[in-house]
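Scroll down for the structure; my scribbles are underneath it.
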Amino acid sequence: MKLLSFSQFLLPVYVGVEATTSSAPSPTAVLDSGPIVGLTTSLPAGIAPVNKFLGIPYAARPERFNRAKKPEPWTRPFNASEFGASCRQLFVESELAPELELLKGLFNTASRESEDCLFINAFAPTSPQPPEGRPVVLFISGGGWQQGNGEADMSGFAAYEDTVAFTFNYRTNGKPTLRPRCWANSKVFGFPNSPDIPLEEINLGLYDQRLAIEWVQANARAFGGDPAKVTIWGESAGSLSVDIHVNAYASSPPFRAAMMFSGQMSIGYLGSTANPQDTSYWDNLTTVVGCQSSKDQLQCMRAVPEDDLVEAMSTAGSAFLPVTDNVTIPSGRAERWRQGEVAKVPILTGTIAQEGRGLINRNISIDTFFAAYLSEPLVSRKKQEMILKVYENDPRLETDFDVAAAIYTDFTWQCPQAIHANLSASINPTWRFYFNISMTSLLGEKYAWLEKFHGSDVFLLFSMPTFENNTFLSPQLYTFANYLRGVVGRFVRNPDVGPGWPAIGSRYTPFDVANLGDVGEENAAGATVVDETILDERCKLYEAIYPVIEKYVLS
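For reference, each letter of the sequence shown is one residue, going 571 to 1125 in the numbering used here.
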């Protein structure tokens, strides 16, 4: 492959891997809905070739604003040889959010889009399975609940980690404005806060996820997996989703372990949900598309062409968040963690060193940033000045963007996740990591400023480790990518033992966080256990803010 531009480069490596397709007869599997036919691929030095089954319907085509239903059974073999359409995506500009060019060039991996998008993909080794079946990992994609899809080729996890892996789509779309109450607003297709929809029926995207989890339980054995050994894994909004599921499935969870990469939904602004009584965004949208005065608004909105509806969301400024319904999203999630009212499963959790660099506008001013995220009365002027001084005294932070991105990283991501990890450790075996390796050598000059950006962990995991002859990677990144995949694989195979470093609260505390990345040698990368009190030193600045957010903002 030739590196032409990052956007051209991202799609093929995220969707596929350097592999050879087998000329052997196509693999088949029999699901609860019918037979399927896939394809087989081989990866360099893999334990076995991999059977891939792509674009499998785990639900029928969803009716707009309704919960998805199981697919109608079929009898003729279903051709599962290519990814299905992604759910609808939306990219709009904001003075706070990343630039539109960056969003489309870096984060958009959708090859085609449709409302008919509820597809799941399976990756399984071809070698004989153990009698009880292989461990299973189900990945929930991120994208701020406004974009993202399951077009991630997880053949590497099957070929090298001896697991059965699944990815899937769930309904997305919405207008993003990264303000605290709507940090990454979600989708009218997935979270339509209409006065005509019952509260417990609004979080359609989360019901999609639940349906996918149920599908894996019902069909894992068809691919050689053990439904009793499922790990759910999410990144960004997918990680928030995992936290939600660990809360909601407090008893008899349909998974035995959980991984949260960059996100949780119990501490800080990431836990924000919409007020179900506030239908102003819905009202604005119905007005733009001409359904405001209709006697049956829902039916009118269902008849609007999907392209027109996506365009109208930008025009209307409509921002749809999930709601706390006490079904898919329980209320009082932080308190539930304190009281142990969550699923009793091992947890692997972590954040990236510079999350904020890919999540805020590169031209943002400090005044604009503080007005959006740390304004009065939540944070006094004196406290704002104290916070700003700490970061401005860091010689590595030279511009307003550098300072804002660092504050955003700590306040929104690292510090809440640290609190969340410690709460989890009081209940469940919990391991925490800190992803700390730069992607500059891979990104090229255009995106080099992103460095250790939000999402760089899964970008590296799903694409690069499986390339033969180390294409595009420095020796250090190649070593690290394979190491990190092994971390995930070890946890999925045996979550009670963990990924390979001390658990939080072990006898090694406070040296219980794995700094993943550069270990001081040019061609080496791995984990260095560090002191969490030093790593999280700046979190003291925000300790008094999170309880206020929990009391007055979170439901």
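We put the beta carbon where it would ideally sit given N, CA and C, even for glycine.
Notebook entry, point to check: Looking at the structure shown, is P1045 part of a helix, part of a strand, or coil, going by DSSP?
Noted result: In the three-state scheme derived from DSSP, where H, G and I count as helix and E and B as strand, P1045 is classed as helix.
Note to self: I'd like the span of the alpha helix (DSSP H) that includes Y1004, first residue to last.
What the structure shows: First-last for Y1004: T1000 to N1006, but that is the beta strand (DSSP E), not the alpha helix (DSSP H).
Next item on the list: Quick one: grab the DSSP three-state call for A629.
Entry: DSSP places A629 in coil when its eight states are reduced to three.
Check: What is the DSSP secondary structure of V800, counted as helix, strand or coil?
Finding: Strand, per DSSP.
Note to self: Counting only C-beta atoms, is L1020 closer than 9 Å to chain C at any point?
What the structure shows: This model lacks chain C altogether; it includes just one protein chain.
Note to self: Using a Cβ distance threshold of 8 Å, determine whether the segment 622 to 633 contacts the segment 681 to 696, with at least three qualifying pairs required.
What the structure shows: Counting C-beta pairs closer than 8 Å gives three or more between the segment 622 to 633 and the segment 681 to 696, which meets the contact rule.
Note to self: Looking at the secondary structure, which residues open and close the beta strand (DSSP E) in which Q1088 lies?
What the structure shows: Per the sequence shown, the amino acid found at residue 1088 is Asp instead of Gln. For D1088, the uninterrupted beta strand (DSSP E) segment begins and ends at F1081 to D1088.
Item checked: Contact check, A904 vs A828, beta carbons under 9 Å -> With respect to A828, A904 sits apart: the two C-beta atoms are not nearer than 9 Å.
Checklist line | Minimum length 4: unbroken alpha helix (DSSP H) runs contained in the segment 846 to 901 | finding: Assignment of alpha helix (DSSP H) within the segment 846 to 901, counting only whole runs of 4 or more residues, yields 850 to 859, 867 to 873 and 876 to 886 in chain order.
Notebook entry, point to check: So, using beta-carbon positions, are P698 and D732 closer together than 9 Å?
Noted result: The answer is no: Cβ separation not under 9 Å.
Next item on the list: Work out the CA separation of V707 and V1062 for me, nearest whole Å.
Entry: Approximately 7 Å between the Cα atoms of the pair.
Checklist line | Selected residue, minimal CA-CA separation from Y535, among R1060, D1088, F793 and D1101 | finding: Because the chain here runs from 571 to 1125, residue 535 falls outside it and cannot be looked at.
Next item on the list: Compute the Euclidean distance between the alpha carbons of A988 and N719, then round it to the nearest angstrom.
Entry: A988 and N719: Cα-Cα distance of roughly 27 Å.
Checklist line | For I1104, the three-state DSSP class (helix, strand or coil) | finding: For I1104, the three-state secondary structure derived from DSSP is helix.
Check: Exposed or buried, W803, counting other C-beta atoms within 10 Å across all chains shown (16 or more means buried)?
Finding: Burial is judged here by how many other beta carbons sit within 10 angstroms of a residue's own beta carbon; W803 has at least 16 and is buried.
Next item on the list: Measuring alpha carbon to alpha carbon, tell me which of G808, G714 and P700 ends up nearest F738.
Entry: The shortest Cα separation from F738 among G808, G714 and P700 belongs to G808.
Margin query: For F1037 and F1050, I'd like the C-alpha separation in whole angstroms.
Written below: Reliability fails at F1037, whose pLDDT of 48 lies under 50, so the model's placement of it is uncertain and no value is given.
Item checked: Sub-9 Å separation of L666 and N931 beta-carbons -> Contact: yes.
Next item on the list: Leaving out five residues on either side along the sequence, give the residues of the same chain with a beta carbon under 6 Å from the beta carbon of V897.
Entry: Here the set comprises E770.
Next item on the list: Using 8 Å as the cut-off, classify the Cβ of P916 as near or not near the heavy atoms of the ligand ZN, replying yes or no.
Entry: With respect to the ligand ZN, the structure shown offers nothing to examine, as it has no ligands at all.
Check: For I936, which three-state DSSP category applies?
Finding: Under the three-state reduction of DSSP, I936 is assigned to helix.
Checklist line | Coil, strand or helix - G1096 by DSSP | finding: DSSP places G1096 in strand when its eight states are reduced to three.
Item checked: Distance between D686 and V1099 (C-alpha atoms, nearest Å) -> Each residue's alpha carbon lies about 45 Å from the other.
Note to self: With H, G and I counted as helix, E and B as strand and the rest as coil, what does DSSP make of V1152?
What the structure shows: Because the chain in this structure spans residues 571 to 1125, residue 1152 falls outside the shown range and cannot be described.
Note to self: If I measure Cβ to Cβ from C657 and keep anything under 6 Å in the same chain, skipping five residues before and after, which residues do I get?
What the structure shows: Leaving aside the five residues that flank C657 on each side, the residues in its chain whose CB is nearer than 6 Å to its CB run, in chain order, C687, N739, R741 and T742.
Margin query: Taking 9 Å as the threshold (C-beta atoms), are S842 and W907 in contact?
Written below: Contact: no.
Checklist line | Local Cβ density within 10 Å of A594, reported as buried at 16 or more and exposed below that | finding: Exposed, by the Cβ-count rule.
Notebook entry, point to check: In angstroms, rounded to a whole number, what distance separates the CA positions of Y851 and I606?
Noted result: Y851 and I606 have their C-alpha atoms spaced approximately 42 Å apart.
Check: Under the rule that 16 or more other beta-carbon atoms within 10 Å means buried, what is W1071, buried or exposed?
Finding: With 16 or more Cβ atoms within 10 Å of its Cβ, W1071 is classed as buried.
Next item on the list: Just mark G910 as buried or exposed, buried being the case when its beta carbon has 16 or more other beta carbons within 10 Å.
Entry: That one is exposed.
Checklist line | Pick from I957, I936 and K953 that is closest to T969, judged by C-alpha positions | finding: Comparing C-alpha distances from T969 to each of I957, I936 and K953 shows the shortest one belongs to I936.
Margin query: Using the Cβ count rule (16 or more neighbours within 10 Å means buried), how would you classify K745?
Written below: Unreliable positioning characterises K745 in this predicted model, as indicated by a pLDDT of 41, which lies under 50. The coordinate reading is nonetheless provided below. K745 comes out buried.
Margin query: Can you check which of these residues, L670, Y978 and E881, is closest to C1109 by C-alpha distance?
Written below: Looking at the Cα atoms, Y978 is the closest of the given residues.
Note to self: Would you call the segment 774 to 785 in contact with the segment 635 to 650, where contact means no fewer than 3 C-beta pairs closer than 8 Å?
What the structure shows: Taking a contact to require three or more Cβ pairs closer than 8 Å, the segment 774 to 785 and the segment 635 to 650 qualify as touching.
Check: In chain order, what residues of the same chain lie with their CB nearer than 6 Å to the CB of P762, ignoring the 5 residues before and after it?
Finding: Exclusion of the five residues before and after P762 leaves F635 as the residues of its chain whose Cβ lies within less than 6 Å of its Cβ.
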